[in-house]
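**Q**
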Amino acid sequence: MTARLHHLLSMEDLDAAMIELILDTAHKLHEIADRPIKKVPTLRGRTVCNMFLEDSTRTRLSFDLAAKRLSADVLTFTGKGSSVSKGESFRDTALTLKAMGIDAVVVRSHSSGAPQQLASYIDVPVLNAGDGWHQHPTQALLDLYTMRHHLGDLSQLHVAVIGDILHSRVARSEVQGLRTMGARVTIVAPPTLLPPSIQGWGVDVVRSIDDIIDDIDVAYLLRVQHERMQGGFFPSSREYARIWGMNGDRLRRMKAGSIVMHPGPMNRGVEITSEVADHKRAVISDQVTNGIAVRMAVLYLLLGGGPEGAGHASAEVMA
Ligand code: NCD
Numbered sequence: 004m005t006a007r008l009h010h011l012l013s014m015e016d017l018d019a020a021m022i023e024l025i026l027d028t029a030h031k032l033h034e035i036a037d038r039p040i041k042k043v044p045t046l047r048g049r050t051v052c053n054m055f056l057e058d059s060t061r062t063r064l065s066f067d068l069a070a071k072r073l074s075a076d077v078l079t080f081t082g083k084g085s086s087v088s089k090g091e092s093f094r095d096t097a098l099t100l101k102a103m104g105i106d107a108v109v110v111r112s113h114s115s116g117a118p119q120q121l122a123s124y125i126d127v128p129v130l131n132a133g134d135g136w137h138q139h140p141t142q143a144l145l146d147l148y149t150m151r152h153h154l155g156d157l158s159q160l161h162v163a164v165i166g167d168i169l170h171s172r173v174a175r176s177e178v179q180g181l182r183t184m185g186a187r188v189t190i191v192a193p194p195t196l197l198p199p200s201i202q203g204w205g206v207d208v209v210r211s212i213d214d215i216i217d218d219i220d221v222a223y224l225l226r227v228q229h230e231r232m233q234g235g236f237f238p239s240s241r242e243y244a245r246i247w248g249m250n251g252d253r254l255r256r257m258k259a260g261s262i263v264m265h266p267g268p269m270n271r272g273v274e275i276t277s278e279v280a281d282h283k284r285a286v287i288s289d290q291v292t293n294g295i296a297v298r299m300a301v302l303y304l305l306l307g308g309g310p311e312g313a314g315h316a317s318a319e320v321m322a
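Take the sequence shown: its letters are residues 4 to 322, numbered as in the working numbering.
#1: Can you look up Asp-76 in the DSSP assignment and give me helix, strand or coil?
#2: Classify Ala-313 as helix, strand or coil using the three-state DSSP reduction.
#3: Terminal residues of the continuous alpha helix (DSSP H) containing Arg-172?
#4: Report buried or exposed for Pro-328, applying the criterion of at least 16 other Cβ atoms within 10 angstroms of its Cβ.
#5: Is it buried or exposed, Pro-128, if we count other Cβ atoms within 10 angstroms and call 16 or more buried?
#6: Of the residues Ile-168, Ser-211, Arg-253, which one's Cα is nearest the Cα of Arg-231?
#7: Could you check whether the Cβ of Gly-133 sits closer than 7 Å to any heavy atom belonging to the ligand NCD?
#8: Closer than 6 Å by C-beta to Gln-119: which residues in its own chain qualify, once you throw out the five before and the five after it? Chain order, please.
#9: Going by DSSP, name the residue or residues bridged to Met-249.
#10: Does the beta-carbon of Leu-98 have 16 or more other beta-carbons within 10 angstroms, so that it is buried, or is it exposed?
#11: Do you know offhand how far Phe-236's Cα is from Gly-116's?
#12: Use the C-beta contact count for Ile-40: other C-beta atoms within 10 angstroms, 16 or more gives buried, fewer gives exposed.
#13: For Gly-248 and Ile-275, which I take to be in contact (beta-carbon distance under 8 Å), what is that distance rounded to the nearest angstrom?
#14: Going by C-alpha distance, which of Leu-78, Leu-24, Glu-23, Gly-84 is nearest Leu-100?
#15: CA-CA distance, Arg-210 and Ala-102?
#16: Say whether the stretch 248 to 265 touches the stretch 281 to 300, bearing in mind that this needs 3 or more beta-carbon pairs closer than 8 Å, one atom from each stretch.
#17: Let me know the secondary structure DSSP gives Arg-112 once reduced to three states.
#18: Rounding to the nearest angstrom, what Cα-Cα distance links Gly-251 and Glu-278 in this structure?
#19: Could you spell out the range, first to last residue, of the alpha helix (DSSP H) harbouring Val-301?
#20: For the beta strand (DSSP E) that Asp-134 lies in, which residues bound it at each end?
#21: Is it true that the CB of Phe-55 sits closer than 8 Å to the CB of Thr-28?
#22: Between the alpha carbons of Asp-76 and Gly-133, how many angstroms are there, rounded?
#23: May I ask which residues mark the beginning and end of the beta strand (DSSP E) holding Phe-55?
#24: If I measure Cβ to Cβ from Thr-323 and keep anything under 6 Å in the same chain, skipping five residues before and after, which residues do I get?
#25: Tell me whether Asp-207 sits in a helix, a strand or coil according to DSSP, three-state version.
#26: Excluding the 5 residues flanking Asp-2 on each side, which residues of the same chain have their C-beta closer than 6 Å to its C-beta?
#27: Grab me the residues of His-10's own chain with a C-beta within less than 6 Å of its C-beta, minus the 5 sequence neighbours each way, in chain order.
#28: From what residue to what residue does the beta strand (DSSP E) around Met-264 run?
#29: Would you check whether the ligand NCD has a heavy atom nearer than 7 Å to the C-beta of Gln-228?
#30: Can you look up Ile-87 in the DSSP assignment and give me helix, strand or coil?
#31: Taking only three categories from DSSP, how would you classify His-161?
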């Protein structure tokens, strides 16, 4: 039997059985979005605090909607407009939330390790919504969900993760999740945007997309994270697009049935052309939609729903 999940801090903490459980739970919850009233009472009376100390569009809205669709009360907290901007320590902020009796915290932070730290200060589930360059587990889970939906058995897939690996928490979580599920992963990146630890990732590394384009099932493009770069990691955006970018010519060389993914936000014209981003084989909007069901699933599992879907409210959801 799968162990209980206490926090969601890193993809490293999840074995294949736990990932399957989360994806299967998300699959059952997905249909709530198709109902006229998109809400179930599963987390009624529970309070989820969304603590977003770094900018976010998709992840923040998606966690917000996920908690609301499960009928939780949601508090949203950002760095700006709170006492964090007055220099209140992370620990004191955490103790304030604890004193208010919240039931779970979703945290995004510039600092790698902040969710782990938070989990040591408070005794409620902590969900990592992206910490520095470190981890973004719900992004990896929604991506695995999307790949499984479009392509089936994850262990049979060859996925290329392309671009700014160095600064990307998505890449770290994505590769761990894919490797845990037995997928083959190839990294494509400028040498300057590869982390020194890449040898230990269990992946192949190639210089150019053209080396593998006709063999992959998924081209997973990463955003070039200009805000985390000082100085030149590559000659120019044009040069980047030419060597590492996804364009129509490359898309046409991909296998039948293969897909293109991007976590957003996109730099159109840099890592992906508009032709590809808006093509039917790009499943970027599906990733966003699936993110809600996946975040509902992790909130549900962390806030009391057992693997068997115990409890009357969950039974209603899982039926
Ligand atoms: C990612 C993030 O914030 O890490 N975006 C997201 O959550 N959808 C990727 C990125 O910012 O490039």
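Backbone N, C-alpha and C fix where the C-beta goes; we use that ideal spot for every residue, glycine too.
Being a predicted model, the structure only gives us computed values, none of them experimental.
**A** According to the data block:
#1: strand
#2: Residue confidence is low: Ala-313 scores 34 on pLDDT, short of 50, so the model does not pin down where it sits. Its coordinate-derived value is still stated next. Ala-313: coil per DSSP, three-state reduction.
#3: 172 to 183
#4: Here the chain covers residues 4 to 322 and nothing more, so residue 328 does not appear.
#5: buried
#6: Ile-168
#7: yes
#8: Leu-12
#9: Ile-275
#10: exposed
#11: 25 Å
#12: exposed
#13: 7 Å
#14: Leu-78
#15: 51 Å
#16: yes
#17: For the sequence presented, residue 112 should be read as Ser rather than Arg. Strand, per DSSP.
#18: 6 Å
#19: 287 to 305
#20: 129 to 134
#21: no
#22: 22 Å
#23: 50 to 55
#24: With the chain running from 4 to 322 in the structure shown, residue 323 is simply not present.
#25: strand
#26: No statement about residue 2 is possible, as the shown extent of the chain runs from 4 to 322 and does not include it.
#27: Ala-122, Pro-128, Val-129
#28: 262 to 264
#29: yes
#30: A quick correction: the sequence has Val, not Ile, at residue 87. Residue state, collapsed to three classes: helix.
#31: strand
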